[in-house]
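Engineer: So that we are looking at the same thing, I have put the structure below in structure tokens.
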Amino acid sequence: MDNTERTLIFNKAKEFVHEAGERIRKKIDDPRTIETKSNRNDLVTEMDQNTEKFFAEKIKEEFPEHLLFGEEGFGDDIKDLTGTVWIVDPIDGTMNFVHQKRNFAISVGIYTDGIGEVGIIYDVMQDVMYTALREGGAYKNGEKLAELTYKKPIEESIIALNTTWLLPENPHIDHIGVGNLVKTIRSTRSYGSAALELVYVAEGILDGYLTMSLMPWDIAAGRIIIEEVGGIVTTADGLELDMLNRTSMMASHPQIHSGVIEEFVTLKK
Ligand code: IPD
Ligand code: CA
Ligand code: CA
Ligand code: CA
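With numbering that gives the first Met the number 0, the residue at position 53 of the sequence shown is 52, and numbering never jumps.
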């Protein structure tokens, strides 16, 4: 993809995201139709679906040759990342959207032949947009984010994680290791939106985000944004992320990444 084409796609994508965000904000106090998906706490609303449909229509209209890989199933049947694929989470943090009416985001990552070119994460209620272009730096409302080059010992880190990973019966990770991590670091946070947790790592207000179960649309934009400030994003055992299937993830400041994985993470097989 050449620069002119990429800039055009980037500008259109920002326009779509702003418009989608505006539509959500206007209807934030409307009565909601809430359904559940895989379990009673896995929520979906008509707003998640309508927002994804909005992206599907816009992409088809402006870029008919591009594909959409979205959470709610209004996109294409994606088997690989050949061509230009928009990986979209129309509302990341649906539970926050439903219960708190804040702390949710629209996440759009645009990949060409598997390479992340454009990342956009929009905190809808705060009207804050994080963006990145590959090898072009990362920005928060147009202001460049600093590189994660400062010193960061594990003991002085704040890491986002879900308290579920501390339960002995969780099927993914040895909970004793996670407990030791909690005791070692400065503190934990849990915001309920993977996309926001990723941009907070990029911004340096979190030092890491460790999670056991995310889908490509949770990660697609955030990984581009973090990598642009020198952060590291891998699976929780340090491998390359799979951008087509469910995965674990450790995203962090470069200085704590391998230490956290080696000292505290043991995945259950
Ligand atoms: C969820 C959020 C949440 C994370 C879940 C995701 P959704 O996305 O990012 O923080 O813990 O794993 O599924 O369903 O609200 O788009
Ligand atoms: Ca969901
Ligand atoms: Ca999500
Ligand atoms: Ca979602």
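C-beta atoms are modelled at their ideal positions from N, C-alpha and C, and glycine is treated no differently.
Whose C-beta lies closer than 8 Å to the C-beta of leucine 32 among residues of the same chain, with five residues either side of it excluded?
Structural biologist: Checking the sequence, you will find threonine at residue 32 rather than leucine. So the list reads Thr44, Glu45, once near-sequence residues are dropped.
Engineer: Using 6 Å as the cut-off, classify the Cβ of threonine 163 as near or not near the heavy atoms of ligand 2, replying yes or no.
Structural biologist: Every heavy atom of ligand 2 is 6 Å or more from the Cβ of threonine 163, so no.
Engineer: Can you give me the Cβ contacts of arginine 222 inside the same chain, cut-off strictly under 6 Å, excluding the 5 residues immediately before and after it?
Structural biologist: Correct list, in chain order: Val232.
Engineer: Consult DSSP for proline 89 and reduce its assignment to one of helix, strand or coil.
Structural biologist: Three-state DSSP puts proline 89 in a strand.
Engineer: Would glutamate 276 be called buried (16 or more neighbouring beta carbons within 10 Å of its own) or exposed?
Structural biologist: The chain is shown only over 0 to 268; residue 276 falls outside these bounds and no answer can be derived.
Engineer: Beta-carbon separation of leucine 42 and methionine 94 under 7 Å?
Structural biologist: Yes, Cβ-Cβ distance for leucine 42 and methionine 94 is below 7 Å.
Engineer: According to DSSP, which residues form a beta bridge with phenylalanine 96?
Structural biologist: In DSSP, phenylalanine 96 forms no bridge with anything.
Engineer: Between which two residues does the alpha helix (DSSP H) harbouring leucine 195 extend?
Structural biologist: Start and end: 193-202.
Engineer: In chain order, what residues of the same chain have a beta carbon less than 6 Å from the beta carbon of serine 247, not counting five sequence neighbours either side?
Structural biologist: Taken in chain order, the residues that qualify are Met211, Thr234, Ala235.
Engineer: If you draw a straight line from the alpha carbon of isoleucine 218 to that of alanine 194, how long is it in whole angstroms?
Structural biologist: Their backbone Cα atoms lie some 7 Å apart in a straight line.
Engineer: Buried or exposed: which applies to histidine 252, given that a residue is buried once 16 or more other Cβ atoms fall within 10 Å of its Cβ?
Structural biologist: Buried, since its Cβ has 16 or more Cβ neighbours within 10 Å.
Engineer: Using the Cβ count rule (16 or more neighbours within 10 Å means buried), how would you classify proline 63?
Structural biologist: Proline 63 comes out exposed.
Engineer: Quick test of your reading: isoleucine 105 and alanine 19, contact by CB under 8 Å. State the CB separation rounded to the nearest angstrom.
Structural biologist: Contact flag correct, Cβ pair sits at about 6 Å.
Engineer: DSSP three-state label for arginine 188, please.
Structural biologist: Looking at arginine 188 - three-state DSSP - the assignment turns out to be strand.
Engineer: Specify which residues have a beta carbon nearer than 5 Å to any heavy atom of ligand 5, listing them in chain order.
Structural biologist: Inclusion of ligand 5 in the displayed structure is not the case, the ligand content consisting of ligand 1, ligand 2, ligand 3 and ligand 4 alone.
Engineer: In chain order, what residues of the same chain lie with their CB nearer than 7 Å to the CB of isoleucine 153, ignoring the 5 residues before and after it?
Structural biologist: Around isoleucine 153: Thr183, Ile184, Ile255, Gly258, Val259.
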